[in-house]
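Position in the sequence shown counted from 1, then plus 12, gives you the working numbering. The beta-carbon is built from N, C-alpha and C at its ideal position, and this holds for glycine as well. These notes concern the structure reproduced below.
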Amino acid sequence: MRISPVVEHVRQHVPAFEGRVAGGLDTDVVMGSAHMKPPAAYIIQAEDDAAELQSQTSYLQEIRDSIDIVVVLATRNEQGNLEAELLHEIRRQLFLALAGWEPHEGYDGLIYNGGELVQLDRSRCVYRFSFSAAFTLGRAAFDDRSGQPAETWEEYERDRLPRFAGGTLHIDAIDPMADPNLNKPGPDGRIEHEVRMELPHGET
């Protein structure tokens, strides 16, 4: 999942952060260099989970991408009591902005996977909210995507094949045109009919 659209969406629709939203790849690295004034949020690319293949004739596989919204709040003591209400309000705003939102074309809407406390000390409270959304790898799942670029090697190789321009059908009848001197009933090895089909523009 691309992080930049999520960052921009949270900036626009979660007013508690007042625009203080950034992206990252690792929670520990981000927290070691978190310099934005709290409350602030860091959008982290988390794991992806792959399901079993759905088809034996084409590549279809559901992939679920996860993201973490790492929220940093200021605290006045190690108990963090003064920030509990703000954390609850931020969660409400995140639900409103992200639950069911489709982060990119082809993705399902985001779902909430839970949250957990990451750090609490005299200066700050760090809490992580996790969301995920699924998409299907392989364009065969979508009838209207036949003209889209290949997503897998199988599709890439298929796209390189020449278009089907036509074919010839040879018919060796079983009966009643079979020659009794050769084989009765047929087929007797003789071609009684020939049918040719040509497609003017070719088909895949």
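Residue i to residue j, Cα distance in whole Å?
i: M48; j: V18; result: 18 Å
i: R202; j: R151; result: 44 Å
i: D80; j: W165; result: 30 Å
i: S144; j: H21; result: 15 Å
i: L181; j: Q66; result: 34 Å
i: F29; j: F147; result: 29 Å
i: Q160; j: E101; result: 42 Å
i: T69; j: R170; result: 13 Å
i: I9; j: E97; result: Residue 9 cannot be examined here, being either before or after the span of the chain that is shown, 13 to 216.
i: V82; j: R175; result: 50 Å
i: P212; j: L173; result: 17 Å
i: T216; j: A177; result: With a pLDDT of only 48 at T216, under 50, the local geometry of the prediction cannot be trusted, and no value is derived from it.
i: G121; j: D77; result: 11 Å
i: Q24; j: E128; result: 24 Å
i: I15; j: G35; result: 7 Å
i: E204; j: Y168; result: 40 Å
i: W113; j: G179; result: 48 Å
i: V26; j: V130; result: 21 Å
Taking the DSSP output, what are the residues bridged to residue i?
i: H205; result: I183
i: T148; result: E74
i: A34; result: Y54
i: R140; result: V82 and E128
i: A162; result: Answer by DSSP bridge pairing: none, since A162 is not bridged.
i: A62; result: I75
i: E210; result: G178
How about residue i and residue j: do their beta carbons lie closer than 9 Å?
i: T87; j: R134; result: yes
i: L99; j: Y54; result: no
i: E206; j: I183; result: yes
i: A58; j: V84; result: no
i: M13; j: H116; result: yes
i: G126; j: S142; result: yes
i: P50; j: R136; result: yes
Would you identify the three-state DSSP class for residue i, choosing helix, strand or coil?
i: T216; result: For T216, the predicted structure reports a pLDDT of 48, less than 50, and the residue's modelled location is therefore unreliable. A value from the coordinates is still provided. Three-state result, T216: coil.
i: E101; result: helix
i: E117; result: coil
i: L122; result: coil
i: A111; result: coil
i: S16; result: helix
i: Q24; result: helix
i: D133; result: coil
i: R88; result: coil
i: T39; result: helix
If contact is defined by three or more beta carbon pairs under 8 Å, each pair taking one atom from either stretch, is the segment 97-108 in contact with the segment 55-74? Contact fails between the segment 55-74 and the segment 97-108, because fewer than three Cβ pairs, one in each stretch, are under 8 Å apart.
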